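In the UniProt record's numbering, the protein residues as written are 205 to 452.
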Ligand code: UP6
């Protein structure tokens with residue numbers, strides 16, 4: 205059985221954020237998400253400007269930005285997202301009870317609900333913990349890329365059941381295949397390294413598409429640490445797109 209194309213996934217994924225991501229993927233011929241794990245507003249905006257034309261989404265960990273300011277950080281970032289047509293994915297990996305997540309999602313310094321198009325969340329706290337993510341798309345953490353992760357087969361199966369049944373969830377992060385009804389996001393992608401000495405484990409775009417039938421690859425250090433982030437983004441974009449087409 206062949207994997208589904210982005211056009212076919214558009215027919216079966218009805219969440220509006222899933223549709224938007226798939227439309228951008230088709231339009232830009234890209235399945236690349238850059239993980240912008242930099243620690244200043246200037247670096248974040250410079251990176252977004254460079255990689256913007258090549259990506260479907262920019263993934264952030266906004267709580268590592270030293271000088272975060274919603275006017276200075278978020279407004280120009282949103283402008284870049286509009287200019288280059290990409291979505292903002294906050295990789296917050298929420299992992300608490302619903303009430304606390306609701307507060308973390310809308311209050312505090314980052315007010316994620318004001319600007320993120322999609323967020324990541326663990327499903328460890330159960331189905332109802334995800335109810336608070338209204339007006340956003342949730343990508344559930346089903347399996348992790350790091351050595352020794354506790355996301356074994358049983359965990360992944362139970363987590364996938366929650367992801368499939370919750371209306372706010374349209375995708376999953378995993379290093380394994382997931383059902384077609386969910387979009388698959390795969391981090392731990394690097395063509396030059398096998399690991400980072402801190403537990404991260406890397407695979408190639410070809411592995412992600414051929415073995416996992418992923419939909420989107422997430423690349424951090426392979427791009428923002430490289431000498432020319434724009435050029436690396438373009439080469440990961442091409443590698444990801446070729447691997448996708450090769451897997452059809
Ligand atoms: N990430 C993983 N593995 C997971 C889930 N999330 O690496 O299972 C995230 C990390 C980081 C990015 O939090 O932001 O994806 C990977 O970055 P890297 O390419 O620099 O390793």
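Ideal Cβ placement from N, Cα and C applies to all residues, glycine included. The structure displayed is predicted, hence computed values, not measured ones.
Open item on the list: Can you tell me whether residue 267 is helix, strand or coil according to DSSP?
Closed with: helix
- [ ] Provide the residue span of the alpha helix (DSSP H) that contains residue 247, from first to last.
- [x] 245 to 255
TODO: Confirm the yes/no value for this check: CB of residue 318, any heavy atom of ligand 1, distance under 8 Å.
DONE: no
Open item on the list: Between 406, 319, 360, 412, which has its C-alpha nearest residue 340's C-alpha?
Closed with: 319
- [ ] Would you give the residue range spanned by the beta strand (DSSP E) that residue 369 belongs to?
- [x] Note, residue 369: premise wrong, no beta strand (DSSP E); alpha helix (DSSP H) at 357 to 369.
Task: For residue 435 and residue 252, the rounded distance between their alpha carbons - done: 13 Å
Open item on the list: If you follow the beta strand (DSSP E) that residue 295 is in, where does it begin and where does it stop?
Closed with: 291 to 298
Task: Extent of the continuous alpha helix (DSSP H) to which residue 226 belongs - done: 220 to 232
TODO: Let me know if residue 270 comes out buried or exposed under the rule of 16 or more other beta-carbons within 10 Å of its beta-carbon.
DONE: exposed
Open item on the list: Would residue 347 and residue 367 be called neighbours here (beta carbons separated by less than 9 Å)?
Closed with: no
Open item on the list: Less than 9 Å between the C-beta atoms of residue 344 and residue 305, yes or no?
Closed with: With respect to the 9 Å criterion, residue 344 and residue 305 are not classified as neighbours on the basis of their beta carbons.
Open item on the list: Please tell me whether, using a cut-off of 8 Å, the distance from the CB of residue 360 to the nearest non-hydrogen atom of ligand 3 is below it.
Closed with: Ligands present in the displayed structure are limited to ligand 1, and ligand 3 is not among them.
Task: Check whether residue 376 and residue 413 have beta carbons under 9 Å apart - done: no
TODO: Give me the Cα-Cα distance between residue 268 and residue 241, rounded to the nearest whole angstrom.
DONE: Between residue 268 and residue 241, the C-alpha separation is close to 8 Å.
TODO: Starting from residue 326, follow its DSSP beta bridges and name the residues at the other end.
DONE: According to DSSP, residue 326 bridges with 345.
TODO: Look at residue 236 and residue 260 and say whether their C-beta atoms are less than 9 Å apart.
DONE: Their beta carbons are under 9 Å apart, which means residue 236 touches residue 260 by this criterion.
TODO: Note the first and the last residue of the continuous beta strand (DSSP E) segment covering residue 312.
DONE: Bounds of any beta strand (DSSP E) do not take in residue 312, whose DSSP letter is neither H nor E.
Task: Anticipated Cβ contact below 8 Å, residue 326 with residue 298, distance rounded - done: 6 Å
Open item on the list: Checking the sheet assignment: what are the DSSP bridge partners for residue 405?
Closed with: 399
Open item on the list: Checking 9 Å against the spacing of the C-beta atoms, do residue 262 and residue 255 come in under that value?
Closed with: yes
TODO: Under 8 Å Cβ to Cβ from residue 452, same chain only, skipping five residues before and after it: list those, please.
DONE: 206, 207, 209
TODO: Go ahead and pull the three-state DSSP assignment for residue 176.
DONE: Lying before the first or after the last residue shown, residue 176 is absent from the chain, which here runs from 205 to 452.
TODO: Count the other C-beta atoms from every protein chain shown that fall within 10 angstroms of the C-beta of residue 354, then say buried if there are 16 or more, exposed otherwise.
DONE: exposed
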